[in-house]
Amino acid sequence: MARVTINAPEEVRDELQKLRDQFRIKTDYETIERLMKEYREFQEFRKRTEEEKANQRAKAESEMLVLGEARKKTYMALKKELGLGLDVSVLDFLLAHYENSPSIDKKTFDLFRHIN
1294 MARVTINAPE EVRDELQKLR DQFRIKTDYE TIERLMKEYR EFQEFRKRTE EEKANQRAKA
1354 ESEMLVLGEA RKKTYMALKK ELGLGLDVSV LDFLLAHYEN SPSIDKKTFD LFRHIN
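First residue of the sequence shown? That's 1294 in my numbering, and the numbers climb one at a time after it.
This is the structure in structure tokens:
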């Protein structure tokens, strides 16, 4: 491998010297190699981190139900009133009622027409 001299401002050379001392490396060449290696590793870490965050967001979106603050308060009040321990229990109760009820009252039907 051919070696080439690199011209750099004095400030860069001083910083390179500090890094050489910090890394306990003997040459500028090895210091630059180390910096390039660490940069590549950081880029790989950043990519993995972004992928993990994207996976977490996708999982959250697949599992979460967004109610909004006002509906959540009403939901939690219903949970407490029914004496249910888990948040999902309220939804299970409402779904069971919907699936097993042969009819709905006019007020509920009117609400359904206006929320769509």
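C-beta atoms are modelled at their ideal positions from N, C-alpha and C, and glycine is treated no differently.
Spatial distance of residue i from residue j (CA atoms)
| i | j | result |
| --- | --- | --- |
| K1366 | D1380 | 12 Å |
| E1354 | K1330 | 36 Å |
| E1303 | R1313 | 15 Å |
| A1370 | K1340 | 43 Å |
| F1335 | L1377 | 48 Å |
| F1405 | R1333 | 56 Å |
| T1342 | G1361 | 29 Å |
Endpoints, alpha helix (DSSP H) assigned at residue i
| i | result |
| --- | --- |
| M1369 | 1362-1375 |
| I1325 | 1321-1356 |
| T1298 | Segment: none, T1298 is in no alpha helix (DSSP H) and carries neither H nor E. |
| D1403 | 1399-1408 |
Short Cβ contact (8 Å threshold) for residue i with residue j
| i | j | result |
| --- | --- | --- |
| V1359 | K1372 | no |
| I1318 | R1306 | no |
Reduced DSSP secondary structure (H/G/I, E/B, other) of residue i
| i | result |
| --- | --- |
| L1379 | coil |
| V1359 | coil |
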